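>
2 protein chains.
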Amino acid sequence: MTIHLDPPDLFEARLRQIGADQYHDRHRFHARLHSGQCTADEVRAWVINRWYYQSRIPLKDAAFMSRCTDPDLRRIWRSRIEDHDGGVDEGGGLRRWLKLAAAVGLDPDYVASGVGVMPATRFAVDAYVSFVREAPLIAAMASSLTEMFAPAIHTNRIEGLLQHYDFANADSISYFRHRLNEAPKDVDFTLRWVMAHARSREDQDLAAGALRFKTEVLWAQLDALWNGYVEGHIPPGAWQPHQGLA
Amino acid sequence: MTIHLDPPDLFEARLRQIGADQYHDRHRFHARLHSGQCTADEVRAWVINRWYYQSRIPLKDAAFMSRCTDPDLRRIWRSRIEDHDGGVDEGGGLRRWLKLAAAVGLDPDYVASGVGVMPATRFAVDAYVSFVREAPLIAAMASSLTEMFAPAIHTNRIEGLLQHYDFANADSISYFRHRLNEAPKDVDFTLRWVMAHARSREDQDLAAGALRFKTEVLWAQLDALWNGYVEGHIPPGAWQPHQGLA
């Protein structure tokens, strides 16, 4: 087995290549969003559907912790939940996402209710939560490594939103600024862990497959968004542009 | 509670209305397919992706049986698995689907491998299997009631395929002819069971919600198909038209 094991630098390069090939920064929806071509309703549809993804991240991380018998690993992992959920009364990515929702003219309670999320969004995101609950541990961890590629897209997004959209200001897009600090801390730890624990080619393949799976989860959400709100084929039951306004 | 319980005829009408509103016979991909407007590659993409749905139906029914403690109910439900899997050496919907695959110029082994299925297809179909494994029993059963609406679409499909496509003949489309006989038997039993066991408004809502969920599973598959192969935005890793040919 070990003869086929990639050395660490090649293994890391393999993981990074997955991002270069198919991370959702390459999706046309983000090109449209960051260059100011999205209509107000397209931005709203993105905020509503991406909320579902955001809202499931703490569940995903709790699912991971629910199967993780190593207290040290749990202690480190817990900060992911704290980053998104925040404190009892304030802070956290979820609350920051709802600030964005309000800034684009949506009722934050409507967005938080999850009503109007496209079924395709739910299917993709729920697949991610199930994966982290059920896959081998190294795969469950590696699926979070899309965060390796996140700072670049967040930097582009912050610039693009501030430049092109009236709703964008330091407060309304604070979610993304916070992620610029949070994601690298998570990814440094997780990448080191995955590198150290991938002791066979099989492990490396599991980790690479998990990262690819996660890029598919992200990509499928944008495909559905494009089909529904750029092409205008909104699936039955999903948000219609006059709904949920503040 | 009982004061809000719909009488049987109203409850059945409520279920049938879900089909009228959002069963996938209303999706533009089927209009395109049945009217002969699909290219050979669009038909192939449909055959490849719908294979994934077909292939997961016996797993879905086994998941149902794995939680079903009533032997009588299991004995009846088992015929669904038999209909799709067939015997050890021959018969069954899966083998008939692969005849269709061969007829449209695909390598049946390629199709059966599931390589090239779009992630969005997997997410939607896997959500269905999980639902049947996890939802309350009445919801798990009611989610199969989309078969109430299937004979009409199969009749249209048989006519449309025979009229418009050279690959269509009695053998290559035998899957659909068999379903015309199989689906009504399943649905008669299941509809009666759901009607009899929905003893509260809550039960009726669960059943209606499950049927709506299932229509969403079907619809999301066609949205993804349209985006990928009619619009031409094939997601990373999915089937490319030159692959898997016989």
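So the sequences go chain by chain: A and B. In the numbering used here, each number is its position in the first sequence, counted from 1, plus 159. In the numbering used here, each number is its position in the second sequence, counted from 1, plus 159. Note that CB positions come from ideal geometry on N, CA and C, so glycine has one too. Computed from a predicted structure; not experimentally measured.
Check for me: the alpha helix (DSSP H) holding H189 (chain A) runs from which residue to which?
Unbroken alpha helix (DSSP H) run through H189 (chain A): R187 to H193.
> Between E201 (chain B) and chain A, is there a C-beta pair that is closer than 9 Å?
By this cut-off, E201 (chain B) is not an interface position.
> So, for I235 (chain B): in the same chain, excluding its five sequence neighbours on each side, which residues have a beta-carbon less than 7 Å away from its beta-carbon?
Cβ within range, chain order: F348.
> Using a C-beta cutoff of 9 Å, does V376 (chain A) count as contacting chain B?
So, interface residue.
> Would you mind sorting T280 (chain A) into buried or exposed? The rule is 16 or more other CB atoms within 10 Å of its CB.
The residue is buried, with at least 16 neighbouring Cβ atoms inside 10 Å.
> Mind listing the chain B neighbours of Q181 (chain A)? Cutoff is C-beta to C-beta under 9 Å, in chain order.
Within chain B, the residues near Q181 (chain A) are P394, P395 and G396.
> Chain B beta carbons: is any one of them nearer than 9 Å to that of P278 (chain A)?
Answer yes: the Cβ-Cβ gap between P278 (chain A) and chain B drops below 9 Å somewhere.
> Would you please state the rounded distance, in angstroms, between the beta carbons of T374 (chain A) and H183 (chain A)? I believe it to be under 8 Å.
Going by Cβ atoms, the distance from T374 (chain A) to H183 (chain A) rounds to 7 Å, so yes, they are a contact pair.
> Near M307 (chain B), which residues of its chain fall below 8 Å by C-beta distance, leaving aside the five closest residues on each side in sequence?
Hits under 8 Å: L174, R175, G178, V346 and L350.
> Contact check, L253 (chain A) vs D266 (chain A) under 8 Å by CB: the rounded distance?
The Cβ separation is near 16 Å, so there is no contact.
> Using DSSP bridges, identify the partner residues of L265 (chain B).
B:L404.
> Just reading off the alpha helix (DSSP H) that T280 (chain B) is part of, what are its end residues?
Per DSSP, T280 (chain B) belongs to the alpha helix (DSSP H) from P278 to E293.
> Closer than 9 Å, CB to CB, is N340 (chain B) near chain A or not?
Chain A, which has no Cβ nearer than 9 Å to the Cβ of N340 (chain B), makes this no.
> How about the stretch 392-405 of chain B and the stretch 292-311 of chain A: do they share at least three Cβ pairs that are nearer than 8 Å?
No, because fewer than three Cβ pairs between the stretch 392-405 of chain B and the stretch 292-311 of chain A fall closer than 8 Å, the two stretches do not touch.
> Determine, using beta carbons only, whether M160 (chain A) comes closer than 9 Å to chain B.
Low local confidence applies: a pLDDT of 47 at M160 (chain A) is under 50, so the model's placement there is unreliable, and no value is given.
> Is it right to say R338 (chain B) is buried, meaning 16 or more other beta carbons lie within 10 angstroms of its own, or is it exposed?
Result: buried.
> If contact is defined by three or more beta carbon pairs under 8 Å, each pair taking one atom from either stretch, is the stretch 355-365 of chain A in contact with the stretch 268-287 of chain A?
No, because fewer than three Cβ pairs between the stretch 268-287 of chain A and the stretch 355-365 of chain A fall closer than 8 Å, the two stretches do not touch.
> Taking contact to mean 3 or more Cβ pairs, one atom from each stretch, closer than 8 Å, check whether the stretch 384-398 of chain A and the stretch 322-330 of chain A are in contact.
No, the stretch 384-398 of chain A does not touch the stretch 322-330 of chain A.
> When we look at the beta-carbon of V270 (chain B) and count the other beta-carbons within 10 Å, is it buried (16 or more) or exposed?
By the 10 Å Cβ count, V270 (chain B) comes out buried.
> Under 9 Å, Cβ to Cβ, is there at least one residue of chain B near N315 (chain A)?
No, its Cβ sits nowhere closer than 9 Å to a Cβ of chain B.
> To which residues of the same chain is R226 (chain A) closer than 6 Å at the C-beta, ignoring the five residues directly before and after it?
Cβ neighbours of R226 (chain A) beyond the five flanking positions: none.
> Examine chain B for any beta-carbon lying closer than 9 Å to the beta-carbon of A286 (chain A), and answer yes or no.
Closer than 9 Å to some Cβ of chain B, the Cβ of A286 (chain A) qualifies, so yes.
> Spatial neighbours of R203 (chain A) within its chain, please: C-beta separation below 6 Å, excluding the five flanking residues on both sides.
Excluding residues within five positions, the ones whose Cβ falls inside 6 Å are V263 and L265.
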